[in-house]
Amino acid sequence: NRQNPFHGQLYNYDKSGGVEMGLDFVVNWNILSWLTATNTTRLGRETGWSKQHYDARDNSQVHAGATLGNRNVEEVGYPLPSYRNTTLLKANRTISSHTLGAVLGYEISESKGTYQIGVSANGQPSGMDVISTGTVSSMRITDGFATPSASWSAFGQLSYSYADKYLVNATFRADASTRFAPDNRVGYFPAVSAGWVASDEDFLKDNPVLTYLKVRGSYGLTGNSSIGDFLFLDTYRFGSTYLGVPGAQPSRLANPELGWESATMLSSGIDFTLFNRVEASIDLYKNVNKDLLFAAPVPPSTGFYSYTRNLGSVSNRGLEFQVTSTNIRTSDWRWETSFNMSFNRNRIESLPGEDPDNPGKGAPIMVGSADSHRQRMEEGHELYSWYVKTWKGVNPDDGAPLWWGYLRDSEGNLTENEGLTSIYDDAMPMWHGTASPKFTGGFINTVSWKGLSLGVNIYFVYGGILNSNGFQSDASGLQYNIASMDNGLGWTRWKQPGDIADFPKAIRNNPSQSGLPSSRTLVSGSFLRVRNISLGYALPANLLSAVRLKSARITLTGDNLFTITKFPGADPETHLSSSGINSVAGVVGMRYPLYRAFALGLDISF
Numbered sequence: 335n336r337q338n339p340f341h342g343q344l345y346n347y348d349k350s351g352g353v354e355m356g357l358d359f360v361v362n363w364n365i366l367s368w369l370t371a372t373n374t375t376r377l378g379r380e381t382g383w384s385k386q387h388y389d390a391r392d393n394s395q396v397h398a399g400a401t402l403g404n405r406n407v408e409e410v411g412y413p414l415p416s417y418r419n420t421t422l423l424k425a426n427r428t429i430s431s432h433t434l435g436a437v438l439g440y441e442i443s444e445s446k447g448t449y450q451i452g453v454s455a456n457g458q459p460s461g462m463d464v465i466s467t468g469t470v471s472s473m474r475i476t477d478g479f480a481t482p483s484a485s486w487s488a489f490g491q492l493s494y495s496y497a498d499k500y501l502v503n504a505t506f507r508a509d510a511s512t513r514f515a516p517d518n519r520v521g522y523f524p525a526v527s528a529g530w531v532a533s534d535e536d537f538l539k540d541n542p543v544l545t546y547l548k549v550r551g552s553y554g555l556t557g558n559s560s561i562g563d564f565l566f567l568d569t570y571r572f573g574s575t576y577l578g579v580p581g582a583q584p585s586r587l588a589n590p591e592l593g594w595e596s597a598t599m600l601s602s603g604i605d606f607t608l609f610n611r612v613e614a615s616i617d618l619y620k621n622v623n624k625d626l627l628f629a630a631p632v633p634p635s636t637g638f639y640s641y642t643r644n645l646g647s648v649s650n651r652g653l654e655f656q657v658t659s660t661n662i663r664t665s666d667w668r669w670e671t672s673f674n675m676s677f678n679r680n681r682i683e684s685l686p687g688e689d690p691d692n693p694g695k696g697a698p699i700m701v702g703s704a705d706s707h708r709q710r711m712e713e714g715h716e717l718y719s720w721y722v723k724t725w726k727g728v729n730p731d732d733g734a735p736l737w738w739g740y741l742r743d744s745e746g747n748l749t750e751n752e753g754l755t756s757i758y759d760d761a762m763p764m765w766h767g768t769a770s771p772k773f774t775g776g777f778i779n780t781v782s783w784k785g786l787s788l789g790v791n792i793y794f795v796y797g798g799i800l801n802s803n804g805f806q807s808d809a810s811g812l813q814y815n816i817a818s819m820d821n822g823l824g825w826t827r828w829k830q831p832g833d834i835a836d837f838p839k840a841i842r843n844n845p846s847q848s849g850l851p852s853s854r855t856l857v858s859g860s861f862l863r864v865r866n867i868s869l870g871y872a873l874p875a876n877l878l879s880a881v882r883l884k885s886a887r888i889t890l891t892g893d894n895l896f897t898i899t900k901f902p903g904a905d906p907e908t909h910l911s912s913s914g915i916n917s918v919a920g921v922v923g924m925r926y927p928l929y930r931a932f933a934l935g936l937d938i939s940f
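Here the sequence shown stands for residues 335 to 940, where the numbers follow this note's numbering.
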């Protein structure tokens, strides 16, 4: 009674579509030669739909005791109108060597998303995907929710420069969002920056080696409102039944104190050019995020697992640099190289509550479920740090999994002695690195000769420990087809005494618990990828004039041509983010990898 992939591909479908429209109105008013006003209004509407059909001939959702006829069709539609209005007043005045600029602005936006027109039906006959009350066993139409939201911003900016050599800029903005509780909806975010073009000073002018030099720095606050709507309210879900009687049940725990997450950002940098050929930028930064928006755990007595709140602070420190050089520059040849790298380290500075094992420190927070992936937030450690039990391989004698943990005596009592154990509950959790990479970078090479050009774009990531779902799923037992699949990576399973294997003995329902979180599923996330290679040719002018063309260029590009990595899954590239106790960063599932693509293009101008 398991899924037949061929039937699923042949009979089932999941379709979706939509239309997005936008209308912009722009009014410009040149009040004076140095003073202008602009108003922009955008009206938008997005309408979408989806339809899923699970045919009775496919057994994908049938388990013991279920009937083959319990198939369904579901249709959903949703409109999303939106409105945004922005008004700007800009001034820019130059007197002698002094230039003064100012901007005043106000913006308001509103959207009213509605999920509605939901219709579902069970008991569809084979091959029928049109809902009819005469052919289904049950039908449901009452489904939907609304997500209206609004925000407004008021902001101002002042800038001053003297001879384009000394630069100062200051901004201040106030933002409000309906996503936060009424008393905390408004956030205030100032910023200031300054720059000095030192190469314009007399002591550096016309220097043949250091042809450009600029020193700059900035300090400011920014806000984050990237959460869902109504998270500060108690909400209820209607449509539930108890003993056949419809009713409502609580679906979200209120937080009347929910407010903005803020980030204090401090940076300094230097830009310089050597010999009018090599350009470089170096930046140092320190950012501190406070009042993080996070789905934090709550006591089980509340009836909920978590609620969104502001908690703790995290700092990020780093170095970024980019170097671009013109290696060859002649009438026919040109060769340019660009190289960049980024180093970042984060640290959890504070957490709410108190750690009973470390008085004076905030209480640690476990992220992830006990049977899935586990990370731990603790003061002094990095975000996305793995805190799981230590895997020690497979016992070659009996195929049992091994972890490092506490040992039991001859009577089965747990002791404080440490060693190898085959009992998952006796294994001890430990720190096993972080999903954050040590550094990332890119390398771009462009070579051109007359009308022919070749460009190569390479991206790399070093460090970072990822959790591979492929390992975890393969160890889950015999109840899933994947447990018997050969993935071509050389993984081995224990079959007989003496086997040195990657996976323990296969037992139905896996009582050994080897599929639960441990360091066995943690793998390196380092990789180097050729993201793009582009070959182009611009036809010569004498040939174009004969056919009355201004320009013509032929290009051949290839994307994601190959990747060098030790990562055992389909694709090591992932985006790190975590928003709550059930949101673990650095987990790479069985998603479809980035595809290799080729494109041939022709660009013509008349």
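Virtual Cβ for every residue (Gly too), placed ideally from N, Cα, C. Small disclaimer: the values here were computed from a predicted structure and weren't measured.
N- and C-terminal bounds of the beta strand (DSSP E) containing residue i
| i | result |
| --- | --- |
| N779 | F773 to W783 |
| F628 | V612 to P631 |
| K723 | S719 to K723 |
| G892 | S885 to T899 |
| E1029 | With the chain running from 335 to 940 in the structure shown, residue 1029 is simply not present. |
| E654 | S640 to R663 |
| F506 | Y500 to S511 |
| L928 | Counting along the chain, L928 falls outside any beta strand (DSSP E), and DSSP gives it neither H nor E. |
| I792 | L786 to Y796 |
| I561 | No beta strand (DSSP E) holds I561; DSSP gives it neither H nor E. |
| R710 | Q709 to M711 |
Beta-carbon proximity of residue i to residue j, cut-off 8 Å
| i | j | result |
| --- | --- | --- |
| R550 | G603 | yes |
| A904 | G785 | no |
| N791 | R865 | yes |
| D563 | R519 | no |
| F901 | F861 | yes |
| V795 | P771 | yes |
| S582 | Y570 | Reading off the sequence shown, one finds Ala at residue 582, where the question assumed Ser. Taking 8 Å as the Cβ cut-off, A582 and Y570 qualify as a contacting pair. |
| A761 | I799 | no |
| N894 | R930 | yes |
| L414 | E380 | yes |
| T889 | G870 | yes |
| W765 | L856 | no |
Simplified DSSP assignment, three categories, for residue i
| i | result |
| --- | --- |
| L344 | helix |
| D760 | helix |
| A875 | helix |
| D534 | helix |
| P994 | With the chain running from 335 to 940 in the structure shown, residue 994 is simply not present. |
| P838 | coil |
| S770 | coil |
| G517 | The question names Gly, yet the displayed sequence has Asp at residue 517. Note: D517 maps to helix in three-state DSSP. |
| S853 | helix |
| A880 | helix |
| S858 | strand |
| T749 | strand |
| G923 | coil |
| T401 | Any reading at T401 must be qualified, since the residue scores a pLDDT of 40, below 50, and its modelled position is unreliable; the value itself is stated next. Note: T401 maps to coil in three-state DSSP. |
| S527 | strand |
| G352 | strand |
| N803 | helix |
| T636 | helix |
| M700 | strand |
| F359 | strand |
| T826 | coil |
| Q491 | strand |
Start-to-end residues for the alpha helix (DSSP H) that takes in residue i
| i | result |
| --- | --- |
| L369 | Element bounds for L369: not the alpha helix (DSSP H) but the beta strand (DSSP E), L369 to Y388. |
| L577 | Careful: L577 lies outside any alpha helix (DSSP H) and carries neither H nor E. |
Whole-Å CB distance - residue i paired with residue j, under 8 Å assumed
| i | j | result |
| --- | --- | --- |
| E441 | T420 | 4 Å |
| P735 | P838 | 4 Å |
| N650 | N674 | Not confirmed; about 18 Å, so no contact. |
Residue i - partner residues in DSSP beta bridges
| i | result |
| --- | --- |
| T556 | A597 |
| P584 | Y570 |
| P735 | V728 |
| E444 | Y417 and A484 |
| T908 | BP columns for T908 are empty, so no partner. |
| I938 | A886 |
| H432 | I429 and Y496 |
| S744 | BP columns for S744 are empty, so no partner. |
| L754 | W738 |
| T545 | Note: T545 sits in no beta bridge, so no partner. |
beta-carbon residue i near the ligand MN non-hydrogen atom, thresh 7 Å
| i | result |
| --- | --- |
| S706 | Looking at this structure, you won't find the ligand MN or any other ligand, since it has none at all. |
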